[in-house]
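Each protein sequence line maps, in turn, to chains L and B.
Per this note's numbering: the first sequence = residues 1 to 569.
Per this note's numbering: the second sequence = residues 570 to 1138.
We put the beta carbon where it would ideally sit given N, CA and C, even for glycine.
Encoded as structure tokens, the structure appears first; notes follow it.
There are 2 protein chains.
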Amino acid sequence: MGVANLRAVAVRIALAQINPIVGDLAGNAAMINAIVNDLAQRDAADLVVFPELALTGYPPEDLLLRPAFLDEVHAAINSLAHSLPLPSVIGGPLRASQWDLSFQPSSDSRDRSPVGADYYAPVLNAAVICGQGEVLGIATKRFLPNYDVFDETRYFYRGDGPATVVTIAGQRCSFVICEDVWIADGPARDAAEVSDVVVVINASPFARGRRAERHAVVSHHARSTQTPFLYLNQLGGQDELIFDGASFVADATGDIVHEMPSASAAVHVISVDGPAISAVESSSPVADELAEVYELLTLATHDYVTKNGFHSVVIALSGGIDSAIVATIAVDALGPDNVTTIAMPSRYSSEHSLSDAYELARRQNITCRTAGIEAGHQAIAATVGDALGHEIAGLTDENLQSRVRGVILMAWSNDTGSLVLTTGNKSELAVGYSTLYGDTAGAFAVIKDVPKTLVYDLCRWRNQRDGIEVIPVSILEKAPSAELRPDQRDDQSLPPYDVLDALIERYVDFDQPVATIVAAGFDAALVRRITRLIDLAEYKRRQSPLGPRISGKAFGKDRRLPLTNRFRG
Amino acid sequence: MGVANLRAVAVRIALAQINPIVGDLAGNAAMINAIVNDLAQRDAADLVVFPELALTGYPPEDLLLRPAFLDEVHAAINSLAHSLPLPSVIGGPLRASQWDLSFQPSSDSRDRSPVGADYYAPVLNAAVICGQGEVLGIATKRFLPNYDVFDETRYFYRGDGPATVVTIAGQRCSFVICEDVWIADGPARDAAEVSDVVVVINASPFARGRRAERHAVVSHHARSTQTPFLYLNQLGGQDELIFDGASFVADATGDIVHEMPSASAAVHVISVDGPAISAVESSSPVADELAEVYELLTLATHDYVTKNGFHSVVIALSGGIDSAIVATIAVDALGPDNVTTIAMPSRYSSEHSLSDAYELARRQNITCRTAGIEAGHQAIAATVGDALGHEIAGLTDENLQSRVRGVILMAWSNDTGSLVLTTGNKSELAVGYSTLYGDTAGAFAVIKDVPKTLVYDLCRWRNQRDGIEVIPVSILEKAPSAELRPDQRDDQSLPPYDVLDALIERYVDFDQPVATIVAAGFDAALVRRITRLIDLAEYKRRQSPLGPRISGKAFGKDRRLPLTNRFRG
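See the structure below:
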């Protein structure tokens, strides 16, 4: 009966969907402290949960190999265990030896190699349940993702031992870390079997369609174990990755009964009384996919700029659709006062390009300066022509124009301290329809994982959002052109973008062989030409800036191809 | 007695230290065929051994995720098994299902994840012993390196089962792949216990000091098992990596009794009769370390250019030491006819810089064109100044000059089809003493892993090599300067290079905390300033070209730090 009484008490679990900064241990700890103190003062929760590696931000990458970093993590967690007024779940990388953690033998050669043995003290991806001066338990990650953008076996050993269960307010709470919930008949099931509620802490990067997959996997666990699951995800942009938040709760029947917002921070308190679940906040509506992608690109841009200590950006406005959406996202991310645009017309620029650029800037209340490239173009073309002994022409001259723009933008950036945002989309980046050190020059490539067809969709969605056409319709309606030679149009070099984007998705995102793509009905010569262009552009991508990943396979650390590579197919 | 007779016959094992091209399955197979046919026609060997993943080149990176690639590997190995006239060891990635290979459960989450299960058919890093229409055995790699520059658990499952032994000419030959020989009491010992000779096939990248480590590990195995070991390494440059060859033989007492050349291809035949070993060729003298580094940088440059389908390069000659060594390496790699240099003086360039550049070109019989940057610099400075409303100055103006040079070089490259070699050294790259899209613009950064102090040593060594001062002494004797403002000198911004290089080695190569470096006697303020510069320059390095790795930790895939990163220490 004592047990029954205890079990009848509900536990209030606060899910803190926070946006930490990688490496900012002091700042992240301060954020954690502030949230827990607020909840404690309001007596609003019994347990506060933070995402995977919340203390360090995710992914810390090779900081995890720095002894000084691990030392500071250790100190920060000990400090939080003493200062936090409520039991809290604090994710961080822990040395097994310092916390007496069980682990499995390394999957690779690290722990047996005469070279590596001293260097790699076993570190686990862990979460300490602590507060009020006590450590109540430590959960460790058992399965390590080492595919796509993940490199966790580079850094971590696999945890071992029984599920971690801590009883709070009469409820047995268990803790599972990210990848472990994706394993069928694995740690999540084991945890559910010995607890009343399973808390899953995550740093799960966004990709289109990922939320439905998360719901399906967690729902399955909840239903099959008849146990409620709380799924907490990190928020925020970190280099190529966007953590979308979108945390959620599945009840013991597998129904998704509560969703937290995508693309913004929030703390929601969930009351768990055995199978009974209720959220203190009302459930947030979840945006449709275009809205979600747009808001996440905005978040990613905001976070890249501000987390790196900047506050303003500069963007080359061509009068085309790509620079239009990038400028619009930047304004939404940073405010119009922090966005400067520069129109850089050449001898080949059309009247309407310039007027469209000015009109876009006018509608969004942002500065647009004009810096024609003719003088720079002429001067350098003459210098190069003299050295070569002949005039430059063709692609050399087209690239030169683009690079003069890059130089002007970078000078502006150096003088003003604004970061350059580049405007290339995924379709262009795929086939190398860009100039290295020209239009690819900059700090952050906002739409590098957005295919051209989706760029159009995002523009239209943004124009509809508030019923105000922030992007002039003339920009959406004209034929795309790089305007680097007379009467140039994209469709002179490339197939229609709907065909191109479908082809890129098959070859890049799905790794389909050329033969498979042809068998699906694409023109064989076109497939060979485009896939060859994609292969050849690898060297440009390798020197291009980071940008946020929204697909299942983005150019970047998701796709690691050799530059020196003769394979075709 | 029958067995004794069989054992008394020596086996002649040819070690083929070849230079494959990644992804060039047809070309690599043709090279393999040619070598085996030649040996067979001369009746010069009983078994021919090729390096780890010889068929694909190493590392194939994400080509390993492409089904079309694995299909072609499968077909090529079957074809070789039929065409090769002698038993041969052919390294390649094999799907476990297609070759009936035993493997261990995945170390990470791939084989259990609902997301990854279909995608990743288990693939092993293997070597097929085949020829004359037969497959005699298949060796599989048991331990997978996933640290430093290696990502093998991203691609491979671990092989399982007993050691692979094939009896040829009465001798029991066993086969071990690369990392497995580095494991104490592991696959190498197991193989030695059941064979007369252990053949280790490798793709072991060069780092300074690595050869002695290889010798020590293999010698230990040979001595402790009283079994001869043949260690065969791949040759050639592949993006950041240099495979130095330097294959060798340890006899059953652990003595290194034969060494193959560093930095060049070779096929040596080793006769093994139980513990008795003899080489058909005489042992090659091994170069000293400066010679070895110089020759490997030359190999890397040659291979990057030619494997990517180019034959000529263009280099900006400043009159300084960095561009001097790069031009000299390029001439040794590609011949003087394939090296063009361009002197690009500015208003701040000194007379002696230009005359030193011309003199270097004259001594090496290479073209040196002149393309002053004044016109381009003035034109763009005026354009930017007008747009800003004030004249540019300071660092903005310095970077602009460097970027105008980058634009000129790239235009030259576009027009002529020559690749740009960049000239930045590791010391500069570390502290960000470079201009993004300026002096970092180019295809291959020849000395990006060479600290400034080593640049001097290499110049002096090269001048002594043939008794001809190919690099004018005046270049070695003057104080380093970027010449981007009046009377600029490196030592106005940086400590002396011997101090800087020692500091960089501690912080970058050894991951030492700031406190440790200070405790070793470096000035605390200097350490804080330089380590901060190193952290801040990460964004420049991320967009800089590849270059060959010669240290234990090069900038590149060896060191994967987040750009958005607030950790200091």
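Please report the straight-line C-alpha distance between residue i and residue j, rounded to a whole angstrom.
i, j, result
"residue 1136 of chain B", "residue 912 of chain B", "41 Å"
"residue 391 of chain L", "residue 1044 of chain B", "33 Å"
"residue 103 of chain L", "residue 963 of chain B", "54 Å"
"residue 167 of chain L", "residue 720 of chain B", "40 Å"
"residue 926 of chain B", "residue 534 of chain L", "39 Å"
"residue 1060 of chain B", "residue 707 of chain B", "58 Å"
"residue 580 of chain L", "residue 495 of chain L", "This structure leaves residue 580 of chain L out entirely; chain L is present only between 1 and 569."
"residue 92 of chain L", "residue 125 of chain L", "6 Å"
"residue 633 of chain B", "residue 562 of chain L", "11 Å"
"residue 381 of chain L", "residue 951 of chain B", "17 Å"
"residue 696 of chain B", "residue 751 of chain B", "18 Å"
"residue 443 of chain L", "residue 542 of chain L", "14 Å"
"residue 1039 of chain B", "residue 935 of chain B", "11 Å"
"residue 1128 of chain B", "residue 170 of chain L", "47 Å"
"residue 178 of chain L", "residue 22 of chain L", "18 Å"
Listing by chain order, which chain B residues have their CB less than 7 Å from the CB of residue i?
i, result
"residue 415 of chain L", "957, 961 and 965"
"residue 369 of chain L", "956"
"residue 528 of chain L", "Simply none; closest approach about 13 Å."
Identify the contact partners of residue i in chain L, using a Cβ-Cβ distance below 7 Å as the criterion.
i, result
"residue 850 of chain B", "Neighbours of residue 850 of chain B on chain L: none; closest Cβ ~30 Å, over 7 Å."
"residue 1030 of chain B", "Within chain L, no residue comes near residue 1030 of chain B; the closest Cβ sits about 27 Å away, beyond 7 Å."
"residue 917 of chain B", "Here the premise fails: no neighbours, minimum Cβ distance about 17 Å."
"residue 619 of chain B", "Those do not exist, as residue 619 of chain B stays about 18 Å from chain L at its closest Cβ, beyond 7 Å."
In this structure, does DSSP put residue i in helix, strand or coil?
i, result
"residue 465 of chain L", "helix"
"residue 220 of chain L", "helix"
"residue 796 of chain B", "coil"
"residue 828 of chain B", "strand"
"residue 683 of chain B", "Note that residue 683 of chain B scores 44 on pLDDT, short of 50, meaning its location in the model is unreliable; the coordinates nonetheless yield the value given after this. It is coil, neither helix nor strand."
"residue 254 of chain L", "coil"
"residue 534 of chain L", "helix"
"residue 414 of chain L", "helix"
"residue 632 of chain B", "helix"
"residue 1075 of chain B", "helix"
"residue 546 of chain L", "strand"
"residue 992 of chain B", "coil"
Against residue i, what residues of chain B qualify as contacts under a CB-to-CB distance less than 8 Å, listed in chain order?
i, result
"residue 27 of chain L", "1135"
"residue 383 of chain L", "940, 941, 942, 944, 945 and 977"
Specify, as a first and last residue, the run of the alpha helix (DSSP H) that residue i falls within.
i, result
"residue 322 of chain L", "321-334"
"residue 28 of chain L", "25-41"
"residue 667 of chain B", "665-668"
"residue 647 of chain B", "636-652"
"residue 517 of chain L", "514-519"
"residue 189 of chain L", "187-193"
"residue 1000 of chain B", "995-1000"
Taking the beta strand (DSSP E) that residue i falls in, what are its first and last residues?
i, result
"residue 134 of chain L", "134-140"
"residue 961 of chain B", "Taken as a continuous stretch (DSSP letters only), residue 961 of chain B belongs to no beta strand (DSSP E), as it is neither H nor E."
"residue 880 of chain B", "Premise fails: residue 880 of chain B is in no beta strand (DSSP E) and is neither H nor E."
"residue 153 of chain L", "That residue, residue 153 of chain L, is in no beta strand (DSSP E); its alpha helix (DSSP H) goes 152-155."
"residue 624 of chain B", "No beta strand (DSSP E) holds residue 624 of chain B; DSSP gives it neither H nor E."
"residue 743 of chain B", "740-746"
"residue 244 of chain L", "241-244"
Counting contacts by CB-CB distance shorter than 8 Å, is residue i in contact with chain D?
i, result
"residue 234 of chain L", "Note that chain D does not occur in the displayed structure, where the protein chains are L and B."
Listing by chain order, which chain L residues have their CB less than 8 Å from the CB of residue i?
i, result
"residue 973 of chain B", "380 and 407"
"residue 631 of chain B", "559, 560 and 561"
Show which residues of chain L have a CB atom less than 9 Å away from the CB atom of residue i.
i, result
"residue 1036 of chain B", "Here the premise fails: no neighbours, minimum Cβ distance about 34 Å."
Considering only heavy atoms of the ligand SAM, does any lie closer than 7 Å to the CB of residue i?
i, result
"residue 829 of chain B", "Ligands displayed in this structure: none; no statement on the ligand SAM is therefore possible."
Next on the checklist: Against chain L, which members of the region 1104-1115 of chain B pass a CB distance test of less than 9 Å?
Outcome noted: Of all residues in the region 1104-1115 of chain B, those with a C-beta nearer than 9 Å to a C-beta of chain L are 1108, 1111, 1112, 1113, 1114 and 1115, reading in chain order.
Checklist entry - What are the residues of the region 298-316 of chain L that lie near chain B, defined by any Cβ-Cβ distance shorter than 7 Å? => result Near chain B, meaning a CB-to-CB distance below 7 Å, the residues of the region 298-316 of chain L are 304, 307 and 308.
Checklist entry - Looking at chain L, which residues of the region 982-1007 of chain B have a Cβ within less than 8 Å of any of its Cβ atoms? => result Cβ contacts with chain L come from 983, 984, 985, 1005 and 1006.
Item to check | Residues within the region 219-250 of chain L neighbouring chain B, beta-carbon criterion of under 7 Å | outcome: Closer than 7 Å at the C-beta level to chain B, one finds these residues of the region 219-250 of chain L: 238 and 239.
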